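Just so you know, we're using my numbering here: the sequence shown kicks off at 142 and counts up by one. To start, the structure under review is shown below, and the notes come after it.
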Amino acid sequence: MLKSTSEATGLKVRSHILSYQTERGPQFIDITDNVTLLIEQSGVDHGNVTVFSRHTTASITINENEPHLIADMEEMLERILPELHDYAHNKWGHVLDDEEPNGHSHCQHLFLGASETIPIIDGAAILGRWQRIFLVELDHAREREVVVQIIGE
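This is the structure we're talking about:
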């Protein structure tokens, strides 16, 4: 018989907000070690960790942390959706006084998404050999927040 979440015993929920200062867009920032540390501190042996960007111009993705590949991915984002394209958002969006036009970064976000969920087994995120978790800055340098929520037993 399955138990509903409300009836499960020993369920733990741990939520954290991590802050990062980015330097440029596009920029891939490897946050795997920070997420791993939070999982270790959580006491969760089996469950899931969700890593979520609180921004529409910064993404979370999983890929390999190899410098040439990262350069390729940054160049690909810039080539497919270049900053200097004529985006309607840059003309008609609600741009604040201190905000630069950023239609490109919103469109790039569509390809990468806002979050990743990774299984936790025996107290560790079950990432593949080369998999790393990245915060991807798609706009310009600024402070970014990433929510890490760990749920399990």
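Quick reminder that beta carbons are idealized off the backbone N, C-alpha and C, glycines included. As the structure is a prediction and not an experimental result, all values here were calculated from the model.
Next item on the list: Return the CA-CA distance between Lys144 and Ile180, expressed in angstroms with no decimal places.
Entry: Because the pLDDT of Lys144 is 34, which lies under 50, any placement of that residue in the model is unreliable, and the question is left without a value.
Check: Should Arg285 be labelled buried (16 or more other beta-carbon atoms within 10 Å of its own) or exposed?
Finding: buried
Notebook entry, point to check: Does the region 200-209 come within contact of the region 218-225, defined as at least 3 CB pairs closer than 8 Å?
Noted result: no
Checklist line | Residue span of the beta strand (DSSP E) that contains Thr202, given as start and end | finding: Ala199 to Glu205
Check: Quick one: is Ala282 buried, meaning 16 or more other Cβ sit within 10 Å of its Cβ, or exposed?
Finding: exposed
Next item on the list: Let me know if Thr258 comes out buried or exposed under the rule of 16 or more other beta-carbons within 10 Å of its beta-carbon.
Entry: exposed
Checklist line | Of the residues Gly166, Glu294 and Tyr161, the one placed nearest Ile172, counting alpha carbons only | finding: Tyr161
Note to self: Please report the distance separating the alpha-carbon of Leu159 from that of Asp263.
What the structure shows: 24 Å
Next item on the list: Kindly list the residues whose CB is nearer than 6 Å to the CB of Gln272, restricted to its own chain and excluding five residues on each side of it in sequence; keep chain order.
Entry: Ile203
Notebook entry, point to check: Taking DSSP as the reference, what is the three-state secondary structure of His187?
Noted result: strand
Margin query: DSSP has Gly274 in a bridge; who is on the other side?
Written below: Per the sequence shown, residue 274 should be read as Ile rather than Gly. DSSP, once it has assigned bridges, lists Ile203 as partnering Ile274.
Notebook entry, point to check: Under three-state DSSP, which class holds Pro260?
Noted result: strand
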